[in-house]
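Chains P and S, in that order, are what the protein sequence lines are. Counting from 1, one number per residue, gives the positions in the first sequence under full-length UniProt numbering. Counting from 1, one number per residue, gives the positions in the second sequence under full-length UniProt numbering. Yeah, the Cβ is synthetic: ideal placement off N, Cα and C, and Gly gets one too.
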Amino acid sequence: MLLVYCPYCDVERAETEFACRGEAHIARPADPTQVSDEDWVNYLYMRTNTKGVYAERWRHIHGCGRFFNAVRDTVSDRFLKFYKAGETMPDLEAIAKEAGK
Amino acid sequence: MSQPFRTEKGGRIDRAEQLTFTFDGEEMQGHKGDTLASALLANGVHLVGRSFKYHRPRGIISAGSEEPNALVGVYRNGDQTPNLRATQVELYQGLEAISQNRFPSLGFDIGAVNDLMSPLFPAGFYYKTFMWPKSFWDRVYEPIIRAAAGLGKPPKNPDHDVYGNIYVHCDVLVAGSGPSGLAAALAAAETGAKVILCDEQAEFGGSLLSETSASIDGKDPCDWVAETIAKLMTMDNVTLLPRTTAFGYFAHNFVALAERVTEHLSNPDPKLPRERLWQVRAKEVVIAAGAIERPMVFPENDRPGILMAESGRTYLNRYGVKVGHKVLVTTACDTAWQAAFDLKDHGVEVVAIADMRETPPANLISIAEARGIRVEAGCVVTGTLGRKRVKGALLGKLMTSGKVASGGQVACDAILMSGGWTPTVSLYSQSRGKVVWDADKGAYVPGKSVQNERSTGASKGLYGLQATLEDGYAAGEEAAKAATGKSAKITYSVATGGEAGAGGTLGALPHDRNAARVKAFVDYQNDVTAKDVKLAVREGMQSIEHIKRYTTTGMATDQGRLSNMNALQIASGALERPVTDVGLTTFRLPFTPTTFGLFAGVSRGDFFDPVRNTPSHDWVVANGGVYEDVGQWKRTWYFPKDGEDMHAAVARECKTARESVGLFDASTLGKIEVVGPDAAEFLERMYTNPWKKLAPGRCRYGLLLNDAGFIVDDGVIGRLAEDRFHVTTTTGGAPSVFATMEDYLQTEWPDLDVWITSTTEQFAVAAVQGPKAREVIAPFIEGVDLSAEAFPHMSVVEATFCGVPCRLFRISFTGELGFEINVPRRHGKMMWETLAKEIEKHNGTVYGTETMHVLRAEKGYIIVGQDTDGTVTPQDAGMSWAIGKKKLDFVGKRGLERPDLVAENRKQFVGLLTKDPKVKLEEGAQITVAENPATGTPAEGHVTSSYYSPALDRNIALAIVKNGHALEGKTLYVPMPNGSIPVEVTGPVFYDKEGARLNV
């Protein structure tokens, strides 16, 4: 069971308090009418499914209820960074390098 | 004669306290401090079970949790726990144990005929034999295999024990309390770190408890253990957990421990749990799991009386039990020699030490000679005699050619063997670390740490008392430093004696016997022989993973701790590839068998899943209502009256609701309060419908899609004020709709000034439906003009019900005049009882979910999740009217424009009428164009809802059918086993198509 840090509550809690909500930084297009069918399908379904360092969304569903983001190495399951929703996507390569991956 | 194999003195048993126990009904004596295994051995009992496949007599082989043979059932409170390892069962007064896998008795077992027929049962026997004919799979083969499979018999009654559960965090968890584990715990504890020390055994100390030929700080090792434990016990930062197995190592240093709390007690405190699950989050872990001795693979190495050498030494030194009176020691390494010396010193006749090495260490030979023990170098055992107890052994001389010459026969009543040592890397392996092959040690040892852990001592292949102590201290210091940043000055204790031994062997040993006829066992529990492993290779298995599955080697309860290395070596030899190329099977959790009770904990029976009751619950129970489970909710299904069956009850309820009035508990519906200046804008974006122009006091049906364009939920939404909406959702969809709303609100539109709150549990809801609904509620509603003009269909108002604040909706899921009254949950019972009494005056009825379903189906109202399946769009459902055409965007709008969603041939929502009104379709049945379609013809759609409609006095159904909207009036077929059923496609609304009954 993973140990997850909630950047809003500033606490580490067991995974059972949280829900993982898939890849982070996939924004809903501001004006969907201007989006091609292909791009809309990409937005709906296509995910990078990275083997390695990956930014994903978590929700402290049994805590504060807030969504936030985490950088996790999907191979080792290690979390490398937690940050609030709305913050810009960190440099995953730099994080991976720092973690010695 | 009592305990003929007990030593005169010594051991850690309490000789003053004698305990009586039974094994297969025979009464025997033992002592406090014994395990069932040591007590049986003290009584001269070696034969304790029958093997799995060949039913060969088997004896105790080890003294630890890796024991493959001595699996017993233990009775307590009339129930039997099967498959316990006798080596782990602590003796208590009155213990009742039985042997397993034998019929009619342990001594005479009919299944033993399998041993004679063993040429018929080679590896892969099942796969080859039970293939054909196919019709035999479930009727013949499976019952036979099931009857023969398994060892112990499962208990008949539900588990009457309770199990505890505890979560803890610590700085350093030390798993194992041998010399390195104790040293690690002490070193870590001295720094002030929060330490947990656990050990699967009843006593801490591990190998030190049977070490009599060494000393630590000049003291007897057992005294050093006692002093160390006493010191640890005084420290507040230390938790000591004996009888506690670290059985699983998970991500983020989460380690699961199983503590056996009362199983060793004769009369346990009933308030205590049988076992306790410790879920430990450790900053750092020290794995001090030790090593286990490897069996030697020689012919007939499985006879009762043949044990591991160090286990024989443990029985002698720790339990005061001699494994025999005439013992042969056969070995490939130094450590077994000490077992021979200790036995001799206790007056046991050691018939010989047969060491397969050409030149065993000279110092050992001289010690043996000084004790008058015969030493045979370059000598292996090539067979054993006896059946239920070993009587003798055949010796063989290893020749330079690699062949074996007969070396005569010796008489003995026990054989101690040692093929060397295998580090216990299970926990390390579970932590996802990759083991590496150490050619010098002939063993896999832990490689790089993946998590915050380190192995110490024998579990990393380090032997010798002084070395393991030193390594343990260092590991403890390092772990504490890593966890807390603190260190302390630690004084290391110094050991003398207990030096590391050399030597060891892997794989099957050479012999001069007929290889086709002898059995040399690799995996005792699963009866896998060296021959089987070779056969698997001959039949094409290349990887050890395949060999494991083909032969079942390593699938025993010890997860291959005893057998893996030997199997690997045999496979490597047969494949003519180095061991490292053959691979290694994964050490899976649990480390030792773990009870389901432990995992379940308190989550059993009433605590398995929360039960959600509605406010009418007590009334419904008292009035004979029948419940159905809807998720966690208990919802009333129907109310039978005067012996009615379900069909009759539902027909009456439907009819009464349409003719007079019905009362339904709708409290389970999801409710979400959407509040804020941007509340209307938010709903505008979430739902397909327009909301901004909805006037306060009015309601609208809302349809919720996902961004792909498919229907995911629906419900009526009432606008209570400019900035406040009362949203309802389906019962099952409530949590996901709320989560979806939160998701969009927090992550896509954080600029919107809206608060959403789940209010499902805040309101009790009574639906009053039917022509007389207004008259029923009127006496209790204050301050509202309920007339059709003042309060039309799809209105909402805040009022009071019997003086209690309520939200009154005029809405209908039945097609009749209807009201839904929401009161605070605590007043729900009062509201229900008041209304239930009132409807009686109007010859009304209470009704359940089944009637609700029929009434809505008559009206063609969809139930999301029943009539839709996640691929249905509003257009498919015939609900384009629900889409706000002028809206630029809402969740799902762009998705709906995708080519596939506007293409021809989509499945659409329709009604079906069977040509014969008495025939009822089955929900889920497939629909075809042809009356008798050829096998493989794709279906045009399927039946989603099907009921008898009392209002129409015929059966009706709803379905999704390809191009259904264009097929109205056409005939399709529903092929069933008893013949194809012709149906006519209709619109989905069967009753009151104009909706006149709503607006009265």
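### Pair within 8 Å by beta-carbon distance, S:Ala63 and S:Phe5
Not closer than 8 Å, so no.
### Query
Got a sec? Which residues, its chain only, sit under 6 Å from S:Met1 by beta carbon, not counting five neighbours each side?
Caution applies to S:Met1, whose pLDDT of 46 falls short of 50 and renders its modelled position unreliable; the model cannot decide the point.
### Query
In chain S, what lies closer than 9 Å to P:Ser76 by C-beta?
Within 9 Å Cβ-Cβ: Ala251, Arg432, Val450, Gln451.
### Query
Does the separation of the CB atoms of S:Leu589 and S:Asp678 fall below 8 Å?
Taking 8 Å as the Cβ cut-off, S:Leu589 and S:Asp678 do not qualify as a contacting pair.
### Task
Establish whether the CB of S:Asp707 and some CB of chain P are separated by less than 8 Å.
The Cβ of S:Asp707 sits closer than 8 Å to at least one Cβ of chain P.
### Query
Any beta-carbon of chain S closer than 8 Å to the one on P:Thr33?
Residue-level contact by beta carbon holds for P:Thr33 and chain S, with a gap shorter than 8 Å.
#### Entry: Minimum Cβ-Cβ distance from P:Gly22 to chain S less than 8 Å
No - not a single Cβ of chain S is within 8 Å of the one on P:Gly22.
### Query
Does any CB atom of chain S fall closer than 8 Å to the CB of P:Gly52?
At least 8 Å separates the CB of P:Gly52 from every CB of chain S.
#### Entry: Against chain P: residues of the stretch 742–770 of chain S by CB proximity under 7 Å
For the stretch 742–770 of chain S, the set of residues with a beta-carbon nearer than 7 Å to any beta-carbon of chain P comprises Glu742, Asp743, Gln746, Thr747, Glu748, Pro750, in chain order.
### Task
May I ask you to report which of helix, strand or coil DSSP gives S:Lys271?
Note: S:Lys271 maps to coil in three-state DSSP.
### Query
Beta-carbon separation of S:Leu703 and S:Pro874 under 8 Å?
With contacts defined by Cβ atoms closer than 8 Å, S:Leu703 and S:Pro874 form a contacting pair.
### Query
Based on the DSSP secondary-structure assignment, which residues constitute the bridge partners of S:Gln409?
The partner list for S:Gln409 (beta bridge, DSSP) reads S:Leu394.
### Message
Counting C-beta neighbours from all protein chains within 10 Å, is the total for S:Pro57 16 or more, i.e. buried, or is it exposed?
### Response
Label assigned to S:Pro57: buried.
### Task
Return the CA-CA distance between S:Lys231 and S:Thr614, expressed in angstroms with no decimal places.
Their Cα atoms are separated by approximately 57 Å.
### Message
Between which two residues does the alpha helix (DSSP H) holding S:Tyr473 run?
### Response
Where S:Tyr473 is concerned, the enclosing alpha helix (DSSP H) stretches over 465–484.
### Query
Quick one: which chain P residues come within Cβ less than 8 Å of S:Asp889?
Those are Asp31, Pro32, Thr33, listed as they occur along chain P.
### Query
Can you give the beta carbon distance from S:Val776 to S:Ile862, rounded, assuming they're within the 8 Å contact cut?
In this structure S:Val776 is not in contact with S:Ile862, their Cβ atoms being roughly 28 Å apart against a cut-off of 8 Å.
### Task
Compute the distance between the beta-carbons of S:Gly457 and S:Gly59, then report whether it is under 8 Å.
The answer is no: Cβ separation not under 8 Å.
### Query
Going straight from the alpha carbon of S:Gly631 to that of S:Gly732, what length do you get?
So the two alpha carbons sit approximately 7 Å from each other.
### Query
Taking DSSP as the reference, what is the three-state secondary structure of S:Met1?
Residue placement at S:Met1 cannot be trusted, given a pLDDT of 46 that sits under 50; the coordinates are not used to answer.
### Query
For P:Phe67, which three-state DSSP category applies?
Note: P:Phe67 maps to strand in three-state DSSP.
### Query
Can the beta-carbon of S:Thr505 be found less than 8 Å from the beta-carbon of S:Met356?
The answer is yes: Cβ separation under 8 Å.
### Task
Report the option in P:Phe18, P:Val75, P:Tyr5, P:Val53 whose CA atom is closest to the CA atom of P:Met89.
Minimum Cα-Cα distance from P:Met89 among the listed residues P:Phe18, P:Val75, P:Tyr5, P:Val53 corresponds to P:Val53.
### Query
Does any CB atom of chain S fall closer than 8 Å to the CB of P:Asp37?
Taking 8 Å as the threshold, the shortest C-beta distance from P:Asp37 to chain S falls below it.
### Query
By how many angstroms is the C-alpha of S:Glu539 removed from the C-alpha of S:Gln569?
The C-alpha of S:Glu539 is placed about 17 Å away from the C-alpha of S:Gln569.
### Task
Find the nearest neighbour of S:Gly392 within the set S:Pro446, S:Gly324, S:Thr424, judged by alpha-carbon distance.
Checked all of S:Pro446, S:Gly324, S:Thr424; the closest Cα to S:Gly392 is S:Gly324.
### Task
Tell me whether S:Glu789 is buried or exposed, calling it buried when 16 or more other Cβ atoms sit within 10 Å of its Cβ.
The residue is exposed, with fewer than 16 neighbouring Cβ atoms inside 10 Å.
### Query
Taking the C-alpha atoms as reference points, what is the distance between S:Ala515 and S:Thr382?
Their Cα atoms are separated by approximately 11 Å.
#### Entry: Minimum C-alpha distance to S:Glu8 - residue among S:Val172, S:Pro179, S:Leu71, S:Arg318
Closest by alpha carbon: S:Arg318.
### Task
Locate the alpha helix (DSSP H) running through P:Val41, then write down its first and last residues.
Segment 37–45, the alpha helix (DSSP H) holding P:Val41.
### Query
Which residue or residues does DSSP assign as beta-bridge partners of S:Tyr444?
Residue pairing from DSSP places S:Tyr444 in a beta bridge opposite S:Trp437.
### Query
What three-state label does DSSP hand S:Met308 in the structure shown?
Three-state result, S:Met308: strand.
### Message
So with CB distances below 7 Å, who are the chain P contacts of S:Lys859?
### Response
Chain P residues near S:Lys859: none, gap ~33 Å exceeds 7 Å.
#### Entry: Chain-order list of residues whose beta-carbon lies under 6 Å from that of S:Val351 (same chain, five-residue window excluded)
Closer than 6 Å at Cβ, skipping near neighbours: Lys326, Leu328, Val410, Cys412.
### Message
If you reduce the DSSP assignment to three classes, tell me which class S:Thr7 lands in.
### Response
It is coil, neither helix nor strand.
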